[in-house]
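Heads up: take any position in the sequence shown, counting from 1, add 9, and you land on our numbering.
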Amino acid sequence: MRKQKNMTLQDLSDVTGLSVGFISQVERGASNLAISSLKKIADAFEVNISEFFEDRNGYTYVTRKDEQQVFQVNGLDTLYANLGGNFDKRVLAPYILILEPSQKKKDSFKFSGEEFYYVIKGAVKFTIDNKEYEIYEGDSIHFPSHLEHFGENISEEETHLLGVITPVVF
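As structure tokens, this is what we get:
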């Protein structure tokens, strides 16, 4: 994609703040990168981060249960099932999140956007801007993503959440 945009490694480094050597290693498959670094690269290319994960052989608007892409973000224990369609300029990303019993997210996140979660099964404690909120089956929470936040499964069973995040970050 960098070459299609007629960007040199140095150009991409200047825009993203990532080193030329690191970008080169990623392009060669010699290094992995964090979601935050991938987001910087997507922003530099003016594309959604999903461009790096999805097959672009046509748009889809319906996601069948057996077609849901399940993935795990590097460094996190949470499983994500992508529920969203595949088309350009999407602004929201719906997922089913599966948290193992007593699973706690290790690092807090913050980014520009919004997050909405609805508890399908189980219970979660969200810490948002140093305040704790416990939500249970049938409850929901909606907050701006620029606040530091993380979630913890407080039940002894898997917790399933419907999550909707904007912008599309993965």
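All C-beta atoms, glycine included, are put in the ideal place defined by N, C-alpha and C.
Within 10 angstroms of its Cβ, does residue i collect 16 or more other Cβ (buried), or is it exposed?
i       : result
His-155 : exposed
Asn-3   : The structure shown does not extend to residue 3, since the chain is modelled only from 10 to 179, so the question has no answer here.
Tyr-89  : buried
Ala-6   : Beyond the ends of the chain as shown, which are 10 and 179, falls residue 6; an answer cannot be given.
Glu-55  : exposed
Tyr-126 : buried
Ala-53  : buried
Asn-57  : buried
Val-1   : For the chain, the structure presents residues 10 to 179; residue 1 sits outside this window and is missing.
For residue i, which residues in the same chain have their Cβ closer than 8 Å to its Cβ, ignoring the five residues on either side in sequence?
i       : result
Gly-26  : Lys-49
Glu-167 : Ile-107, Leu-108, Glu-109, Pro-110, Lys-130, Gly-131
Have a look at the options and flag the residue whose alpha-carbon is nearest the alpha-carbon of residue i.
i       : options                         : result
Ile-163 : Glu-146, Glu-60, Lys-14         : Glu-146
Phe-120 : Val-29, Arg-73, Phe-159, Phe-54 : Phe-159
Pro-176 : Glu-161, Glu-157, Pro-153       : Pro-153
Asp-97  : Val-82, Gln-77, Phe-61          : Phe-61
Thr-72  : Ala-51, Asn-57, Val-82, Asn-95  : Asn-95
Asp-148 : Val-35, Val-178, Val-133        : Val-133
Less than 8 Å separating the Cβ of residue i from some heavy atom of the ligand ATP?
i      : result
Arg-11 : The ligand content of the structure shown is nil, which means the ligand ATP is not present either.
Note down, in chain order, each residue of its chain lying with its Cβ closer than 6 Å to the Cβ of residue i, except the 5 sequence neighbours on either side.
i       : result
Arg-11  : Leu-21
His-151 : Phe-125
Considering only residues of the same chain and omitting the five flanking positions on each side of residue i, which have a CB-CB separation below 7 Å?
i       : result
Met-16  : none
Gly-122 : Ser-154, Ile-174, Thr-175, Pro-176
Leu-92  : Thr-72, Gln-77, Pro-103, Tyr-104, Ile-105
Gln-19  : Val-29
Would you check if there are 3 or more beta carbon pairs closer than 8 Å linking the region 98-113 to the region 160-177?
-> yes
In chain order, which continuous runs of the alpha helix (DSSP H) of length 4 or greater are located wholly inside the region 33-104?
-> 44-54
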